[in-house]
Amino acid sequence: MRLDIITIFPEMFSAVLDQSIIKRAQEKGKVQIFKHNLRDYSLDKHRKVDDRPFGGGPGMLLQVEPIFRAVQAIKRKIRGKSKVVLLSPQGKKFNQIQAKRLSQEKNLILICGHYEGVDERVREHLVDEEISIGDYVLTGGELAAMVLVDCIVRLIPGVLGDKNSLNFESFEGNLLEYPQYSRPAKFRSWKVPPVLLTGAHDKIKAWRQLQALRQTRSKRPDLLKKI
Ligand SMILES: C[S@@+](CC[C@H](N)C(=O)[O-])C[C@H]1O[C@@H](n2cnc3c(N)ncnc32)[C@H](O)[C@@H]1O
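In this text, residue positions in the sequence shown follow this note's numbering: the first is 491, and each later residue adds one.
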């Protein structure tokens, strides 16, 4: 998979892309991630990419022209099909189902807005999908893009060491994951549920299924309605 991120703050991404599983995924060649500084696509001699909204109002908007030029340049490099996603609080809410769907794309271009957002013509003419990471307003699309990248990349086959970790985690089958424990079996007076120490796989499986239902019922009863 190839991911291209258009942003005015490419440095922000190192915190996520150059660490841990996402870093290893790139090293293993499972994903290629390119950051593009929007200012490189500005025709302005001061590399300006924002301007005031027509009709007045607070703040600045990212202009359509540099974004258009960035998307075109990336598409020329890719040559195949690509999906262009605008990070936006007005978009469709991101969830695990969206993450799985997007992880099957070959090429994804993510556009990060900033300031008051982007010129509406970006949505109208350049973007295939608008995605929001929740009903709140961030300063910019960078954190939202990082959330998408993190969720999507770990779903690419071969990225996680044990592919079973994907089968048994929260939101699979609309259930939350069962509780998990590690050593020591007793810490202070806090004991691990005895069934987990029996080695009886069938019993452990049944216990985990029941616990997953319990966790979901107590923390996210809305999910149970979807089962
Ligand atoms: C301050 S916000 C602009 C909000 C815009 N004025 C509005 O009211 O819809 C600047 C940028 O942050 C990003 N952003 C903010 N909240 C977001 C969210 N919940 N999900 C995804 N992106 C978000 C978008 O790229 C947006 O263009």
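Note that CB positions come from ideal geometry on N, CA and C, so glycine has one too.
Output needed for A634: all residues of its chain with C-beta closer than 7 Å, excluding positions within five of it in sequence on either side, in chain order.
One-based indexing of the sequence shown puts residue 634 at position 144. The residues are L577, I623, L628.
Ordered along the chain, which non-local residues of its own chain (more than five positions away) have a Cβ less than 6 Å from that of R492?
Within the sequence shown, residue 492 is the residue found at index 2, counting from 1. These residues qualify, in order along the chain: Q522, N597.
Short check: CB of V575 to CB of I557, under 9 Å?
For this step, residue 575 is matched to residue 85 along the sequence shown. For this step, residue 557 is matched to residue 67 along the sequence shown. No.
From E632, H691, R613, L713, pick the residue whose C-alpha is nearest to that of V752; which is it?
Lying outside 491 to 717, the shown extent of the chain, residue 752 is not represented and no answer is given.
When you compare the CB positions of T706 and N654, do they come within less than 9 Å of one another, or not?
Locating residue 706 in the sequence shown gives position 216, where the first residue counts as 1. Locating residue 654 in the sequence shown gives position 164, where the first residue counts as 1. In this structure, N654 does not lie closer than 9 Å to T706 by Cβ.
Cut-off 8 Å between Cβ atoms - residues of its own chain near G570, not counting five sequence neighbours on either side:
Along the sequence shown, read from residue 1 onward, the residue named residue 570 stands at position 80. The answer, listed in chain order, is K596, N597.
For ligand 1, is there a heavy atom less than 8 Å away from the beta-carbon of Y668?
Position 178 of the sequence shown, counting from 1, holds the residue named residue 668. Checking the Cβ of Y668 against ligand 1 gives no.
How would you write the range of the alpha helix (DSSP H) that N527 sits in, first residue to last?
The residue given as residue 527 occupies position 37 in the sequence shown. Counting along the chain, N527 falls outside any alpha helix (DSSP H), though it belongs to the beta strand (DSSP E) covering 522 to 527.
Using a threshold of 8 Å, is the CB atom of L487 nearer than that to any non-hydrogen atom of ligand 1?
One cannot answer for residue 487 here, as it falls past the ends of the chain, which runs 491 to 717.
Assign R434 to one of three DSSP states: helix, strand, or coil.
Past the edges of the chain, shown from 491 to 717, lies residue 434, and the structure says nothing about it.
Is there contact between the region 547 to 556 and the region 674 to 687, where contact requires at least three CB pairs shorter than 8 Å?
no
Among D692, H691, K716, the one whose alpha carbon lies nearest that of A703
Here residue 703 is taken as the residue at index 213 of the sequence shown, counted from 1. The amino acid at residue 703 is misidentified as Ala; the sequence shows Leu. It is K716 whose Cα lies nearest to the Cα of L703.
V637 to I512 span [Cα, whole Å]:
Walking along the sequence shown from the start, residue 637 turns up at place 147. Walking along the sequence shown from the start, residue 512 turns up at place 22. Approximately 12 Å, taken between the alpha carbons.
Relative to the alpha-carbon of H526, which residue among K709, A563, R591, A505 has its alpha-carbon at the smallest distance?
Counting from 1 along the sequence shown, the entry for residue 526 is found at position 36. Nearest of K709, A563, R591, A505 to H526, Cα basis: A563.
Just to check, is the beta-carbon of C602 closer than 8 Å to a non-hydrogen atom of ligand 1?
As a working note, residue 602 is residue 112 in the sequence shown. Checking the Cβ of C602 against ligand 1 gives yes.
Quick one: Cα of P500 to Cα of E619, how far?
In the sequence shown, counting from the first residue as 1, residue 500 sits at position 10. In the sequence shown, counting from the first residue as 1, residue 619 sits at position 129. Roughly 22 Å separates the two Cα atoms.
Just the C-alpha distance for K573 and S593, rounded to the nearest angstrom, thanks.
If you number the sequence shown from 1, residue 573 lands on position 83. If you number the sequence shown from 1, residue 593 lands on position 103. Distance between the alpha carbons of K573 and S593 is about 11 Å.
For G581, which residues in the same chain have their Cβ closer than 6 Å to its Cβ, ignoring the five residues on either side in sequence?
Numbered from 1 along the sequence shown, position 91 holds the residue referred to as residue 581. Hits under 6 Å: E620, I621, S622.
Are the beta-carbon atoms belonging to R644 and A515 less than 9 Å from one another?
Stepping through the sequence shown from its first residue, residue 644 is reached at position 154. Stepping through the sequence shown from its first residue, residue 515 is reached at position 25. Yes. Within cutoff.
What alpha helix (DSSP H) runs, 4 residues minimum, are completely inside the region 631 to 689?
632 to 643, 654 to 657
Return yes when at least one heavy atom of ligand 1 lies under 8 Å from the C-beta of G546, else no.
In the sequence shown, residue 546 corresponds to position 56, counting from 1. No, Cβ of G546 sits at least 8 Å from all heavy atoms of ligand 1.
For R698 and Y668, which I take to be in contact (beta-carbon distance under 8 Å), what is that distance rounded to the nearest angstrom?
By one-based count along the sequence shown, residue 698 stands at place 208. By one-based count along the sequence shown, residue 668 stands at place 178. At roughly 4 Å, the Cβ-Cβ gap stays under 8 Å, so R698 and Y668 are in contact.
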